[in-house]
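*Asks:* Quick one: the structure is below, questions incoming.
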Amino acid sequence: MKMNNEIHDAKSDDDSRSDTFNHLAHHDFDQDNKLFSDVTPQNQTVICSSNISDIGMNSPVCGAVEAIDKNNIIGWCIDSEVAPNPVALNVQFFGVRIGKGFAKEPRLDVQGAAGFPCMPGFNISFSSCVVSDKDHDLLASRVAADPDAPAAITVSLSGKAVRLPMIFEDRLQLTNIALFDLLKDKSKALEENVAVKRAPANPMVERQELIKHYTSSLTAPAAETAESEDVRLIAFYLPQYHPTPENDAWWGPGFTEWTNVSKAMPLFPGHEQPRLPADLGFYDLRLAEVREKQAELARDYGVYGFCYYYYWFSGRRILERPLNDMLESGTPDFPFCVCWANESWSRRWDGSEKELLISQEHRFEIDATLIDDLIPLFMDPRYIRVGGRPLLIIYRVSLLSEPARLFDHWREVCIQRGIEPPHICMAETFGLHGPQQFGCDSAVEFPPHKSISPLVNDTIDGLPEDYTGNIYDYRLVVQNDLHHGRPGYKRFRTVMPSWDNTARRGKAGNVFLNATPELYEIWLQSVVEETRKSRAPGERYVFVNAWNEWAEGAHLEPSRRHGRAYLEATRRALSDTSDWRQVLAKTELKGEVARDDLPTLLAQLRSRFEAYEQSTSYLADRLSSTQIMWGQSVPTRVKPVDFIERPKVPSARMSVERLGAFQANAFATHRRDEWLLIKGWSASKDFYLAQNTLTYLTLTSMSQPDEVWYVPVYYRTEREDVMHHLGLSAGEGLWSGFDISVNVKSVPAGRYRIGVEFPNGHYILCGYAPVELALE
């Protein structure tokens with residue numbers, strides 16, 4: 005992009021910008037917020053970054069002015085210190101404040117890249133700006149000195165000496181004198197009609213966002229509630245995503261968990277394989293930025309901490325680097341604990357039970373020394389504690405020779421060294437229960453161990469004859485768990501999002517069919533609700549298996565098929581903001597309403613319906629406004645933030661079925677002063693589509709291929725016909741449709757090629773329809 009030299013230089017000097025920001029951004033301002041009522045020297049403000057990845061690093065502010073026309077100033081701004089509240093902005097002309105506005109509109113591209121709740125878009129009309137009497141003469145002299153130059157407009161944050169960079173390519177067409185004349189006399193419009201403010205989003209999408217907002221405000225725990233009193237979710241974490249000498253020797257050079265994940269194949273119709281990562285890609289845990297991104301993603305969706313598998317074999321550790329690097333660096337600042345995976349390693353995940361890779365020898369005198377390795381972890385301030393004691397999970401306590409004696413020894417060593425003894429928790433694996441008999445303080449569930457579901461192998465069409473694994477029904481697992489009883493000992497509840505370890509074990513693997521984000525949400529919400537009722541403050545932990553067990557099909561991390569759906573479900577379940585349909589679906593799945601559950605059920609339904617009532621009232625007021633055109637998409641030359649510097653992959657399929665009032669053919673003509681209706685579909689294999697998947701149709705000039713207009717698609721429609729015709733799963737094809745109205749008045753006359761683009765992790769999926777559009 006082309007920018008003026010002043011802005012380009014300021015943006016490129018990150019260190020200088022960061023230092024200046026710390027000095028200027030928090031100056032004292034008067035209570036009336038009149039910083040810019042007089043001339044503000046430009047050298048007393050700092051220009052923020054327009055790169056969203058800089059948020060929280062060089063400064064808390066990020067944004068840009070993307071377009072200025074004869075009526076409006078358009079752009080976006082995020083201030084992480086006030087998000088998700090609106091950001092107040094000032095408009096200056098030669099450094100004099102002439103107006104104000106707020107960044108409070110949806111911008112799907114920016115919101116998706118930000119990764120946290122915000123409404124960053126702004127569209128400030130010059131019709132709301134004015135020159136005060138006291139500033140008139142000063143501005144008149146400035147304008148007279150250079151009347152035909154591009155208007156000297158800047159946009160700054162109110163209360164902070166921070167300016168937004170101008171990142172649009174074209175020079176301003178609005179001159180100093182033209183703007184000054186407009187500000188002097190509002191009736192002297194630069195065009196016949198002042199542009200009507202476009203709706204920030206499709207009304208259905210905005211309604212969904214409003215309902216989430218109101219539901220959250222009605223059901224979220226009170227702010228004064230101590231953090232330790234709420235339920236905390238801990239996700240089991242596999243560190244096998246980097247090469248090690250042991251795996252190189254056993255499986256071949258460069259082996260990681262991704263080796264098995266990427267070569268998995270479906271074994272029968274409807275089998276969800278391969279499971280491929282989306283946002284984080286095929287990452288390497290030796291990279292600090294990967295671990296930081298994982299923690300950031302987990303925190304954003306309500307995950308409290310990670311439980312790292314700890315591989316210790318008679319003093320020898322394996323896969324230790326991610327945990328060691330995290331301890332030594334102090335980052336990410338994210339709670340953690342460990343689970344000692346104390347069983348031998350064999351080649352069993354590819355079907356062989358005979359060849360041991362590394363043996364786990366359990367003798368008291370050997371295992372007693374493990375505590376020396378664990379104490380430095382326990383002393384880390386990030387380490388997760390139960391009742392003030394560091395939490396230690398043992399995967400297979402029954403393999404230990406003298407577990408009660410061993411645990412007493414560990415506790416005594418910790419006390420002698422002046423630290424709290426560990427809270428020892430046994431995993432309920434391989435039929436184990438009753439932690440007291442092993443000298444443990446508690447137990448933790450570990451599904452799919454002890455999950456209840458009949459085998460459904462006989463119901464699967466196309467199952468290979470040599471398939472020796474077991475297939476279960478995830479829906480029945482959740483249904484049976486809703487009726488589980490409470491044991492007579494302390495047990496932490498655990499859920500799993502799904503399970504399928506055929507990536508490791510091939511035709512000997514086990515699969516839980518019918519796993520969906522919706523069923524997972526029901527299960528987790530039920531477990532969270534029970535934990536709030538049954539566990540004391542400081543002991544309200546819930547676990548999920550797992551954060552990143554990709555080869556076992558158990559992961560919260562975003563996938564190409566489901567996107568962030570499981571993370572979204574996690575956040576709703578933890579905050580008790582599930583949709584009313586989910587509340588009823590849980591009741592229907594359980595098949596009954598117990599007397600003790602009735603007050604909670606009624607409170608949940610009441611809050612959901614009150615949210616709908618409030619959102620309906622708000623939208624009714626909005627719809628009555630004559631300044632808003634609902635349902636329209638407005639093309640823009642500004643490339644979406646999420647698309648910048650990402651390579652394009654032409655793997656999307658697309659079809660345009662209707663242009664205007666006619667069925668689309670290879671060539672269509674349309675008048676620019678009329679609305680253009682575009683109906684069709686777009687999809688891509690292994691890419692999960694939802695109603696609000698960030699999507700843009702593109703209009704590419706046939707004469708100037710660099711000229712591309714982006715048309716936002718705010719709301720996708722169901723297309724079962726496309727899903728079946730292309731052989732796609734429901735996640736890939738159900739929401740493949742689009743049906744939008746486009747205001748093409750701003751698009752120059754000419755011939756255009758229609759395409760589609762949507763982000764998928766580190767690249768952009770794109771495709772083109774065999775249709776040429778001529779705008780006249």
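When we follow the working numbering, the leftmost residue of the sequence shown carries the number 5, and every step to the right adds one.
Ideal Cβ positions, reconstructed from N, Cα and C, are used throughout, including at glycine.
From a predicted model like this one, the values you see are computed outputs, not experimental measurements.
Kindly list the residues whose CB is nearer than 7 Å to the CB of Thr604, restricted to its own chain and excluding five residues on each side of it in sequence; keep chain order.
*Replies:* Glu533
*Asks:* According to DSSP, is Val382 helix, strand or coil?
*Replies:* This sequence places Phe at residue 382; Val is not what is there. Phe382 falls in the helix class under three-state DSSP.
*Asks:* Any idea what DSSP makes of His366, helix, strand or coil?
*Replies:* coil
*Asks:* Which residues in the same chain have their Cβ closer than 7 Å to the Cβ of Ile464, if we skip the five residues on either side of it in sequence?
*Replies:* Phe272 and Ile475
*Asks:* Ordered along the chain, which non-local residues of its own chain (more than five positions away) have a Cβ less than 7 Å from that of Thr472?
*Replies:* Lys511 and Ala512
*Asks:* Answer yes or no: do His413 and Ala372 have a C-beta to C-beta separation smaller than 9 Å?
*Replies:* yes
*Asks:* Would you give the residue range spanned by the alpha helix (DSSP H) that Ile419 belongs to?
*Replies:* Its alpha helix (DSSP H) spans residues Pro407 to Gln420.
*Asks:* Please state if the CB of Tyr772 and the CB of Arg755 are separated by a distance shorter than 9 Å.
*Replies:* no
*Asks:* Looking only at its own chain, which residues have a Cβ that is under 6 Å from the Cβ of Arg564, when we skip the five neighbours before and after it?
*Replies:* Leu280, Ala282, Asp690 and Phe691
*Asks:* Which one of Cys429, Ile419 and Arg367 has the shortest CA to CA distance from Ile397?
*Replies:* Nearest to Ile397 by C-alpha distance, out of Cys429, Ile419 and Arg367, is Cys429.
*Asks:* Should the stretch 433-446 be called in touch with the stretch 402-410, which here means at least 3 C-beta pairs below 8 Å?
*Replies:* yes
*Asks:* Could you tell me if Pro651 is buried or exposed, where buried requires 16 or more neighbouring beta carbons within 10 angstroms of its beta carbon?
*Replies:* exposed
*Asks:* Write down every uninterrupted run of the beta strand (DSSP E) in the stretch 686-768 whose length is 3 residues or greater and which is fully enclosed by it, in chain order.
*Replies:* 699-705, 712-717, 741-746 and 754-764
*Asks:* For my contact list, Val481 and Leu528 are in at a C-beta cut-off of 8 Å; report their separation, rounded to the angstrom.
*Replies:* Not a contact, Cβ separation roughly 13 Å.
*Asks:* From which residue to which residue does the alpha helix (DSSP H) around Val482 run?
*Replies:* Tyr478 to Asp485
*Asks:* Looking at the strands, I want to know which residues DSSP matches up with Ile59.
*Replies:* Beta-bridge annotation (DSSP): Ile59 is paired with Ser63.
*Asks:* According to the neighbour-count rule (16 or more other Cβ atoms, all chains shown, within 10 Å of its Cβ), is Ala205 buried or exposed?
*Replies:* Any reading at Ala205 is ruled out, since the residue's pLDDT is 40, under 50, leaving its predicted position unreliable.
*Asks:* Can you tell me the Cβ-Cβ gap for Tyr399 and Tyr312, rounded? I've got them flagged as a contact below 8 Å.
*Replies:* With 8 Å as the limit, Tyr399 and Tyr312 do not qualify as a contact, their Cβ atoms being about 12 Å apart.
*Asks:* Considering just the uninterrupted stretch of the beta strand (DSSP E) at Pro249, what are its terminal residues?
*Replies:* From DSSP, Pro249 is part of no beta strand (DSSP E) but of the alpha helix (DSSP H) over Pro249 to Trp255.
*Asks:* What did DSSP end up calling Glu776 once you bin it into helix, strand or coil?
*Replies:* strand
*Asks:* How should Gln586 be labelled, buried or exposed, when 16 other C-beta atoms within 10 angstroms of its C-beta is the threshold for buried?
*Replies:* buried
*Asks:* Using a Cβ-Cβ cutoff of less than 6 Å, which residues in the same chain neighbour Leu593 once the five nearest sequence positions on both sides are dropped?
*Replies:* Around Leu593, the same chain offers Gln483 as residues with beta carbons nearer than 6 Å, after the five sequence neighbours per side are excluded.
*Asks:* Take Glu553 as the anchor and find which of Thr535, Ala507, Glu543 and Ala598 has the nearest alpha-carbon.
*Replies:* From the listed residues Thr535, Ala507, Glu543 and Ala598, the smallest Cα separation to Glu553 is found for Ala507.
*Asks:* Taking the straight line between their C-alpha atoms, what separation do you get for Asp376 and Pro247?
*Replies:* 26 Å
*Asks:* Sort Glu649, Val645 and Glu736 by Cα distance to Ala117 and report the nearest one.
*Replies:* Val645
*Asks:* Take every Cβ of the stretch 700-712, pair it with every Cβ of the stretch 722-735, and state whether three or more of those distances are shorter than 8 Å.
*Replies:* no
*Asks:* Name the two residues that bound the continuous alpha helix (DSSP H) containing Pro521.
*Replies:* Pro521 to Ser538
*Asks:* Return the chain-ordered ranges of every beta strand (DSSP E) run that is complete within the stretch 437-483 and spans a minimum of 3 residues.
*Replies:* 446-449 and 475-477
*Asks:* What ranges does the alpha helix (DSSP H) occupy inside the stretch 80-126, keeping only unbroken runs of at least 4 residues that lie completely in it?
*Replies:* 112-118
*Asks:* Quick check on His566: does DSSP put it in helix, strand or coil?
*Replies:* coil
*Asks:* Just to confirm, is the Cβ distance from Phe130 to Asn55 under 9 Å?
*Replies:* no
*Asks:* Report the partner residues of Glu553 according to the DSSP bridge assignment.
*Replies:* Answer by DSSP bridge pairing, in chain order: Ala558.
*Asks:* For Cys770, which three-state DSSP category applies?
*Replies:* strand
*Asks:* Looking only at its own chain, which residues have a Cβ that is under 8 Å from the Cβ of Glu359, when we skip the five neighbours before and after it?
*Replies:* Ser350 and Arg351
*Asks:* Using a Cβ-Cβ cutoff of less than 7 Å, which residues in the same chain neighbour Asp137 once the five nearest sequence positions on both sides are dropped?
*Replies:* Exclusion of the five residues before and after Asp137 leaves no residue of its chain whose Cβ lies closer than 7 Å to its Cβ.
*Asks:* My output table needs one value for Glu195: the three-state DSSP class, helix, strand or coil.
*Replies:* Unreliable placement is indicated for Glu195, whose pLDDT of 38 sits below 50; no coordinate value is reported for it.
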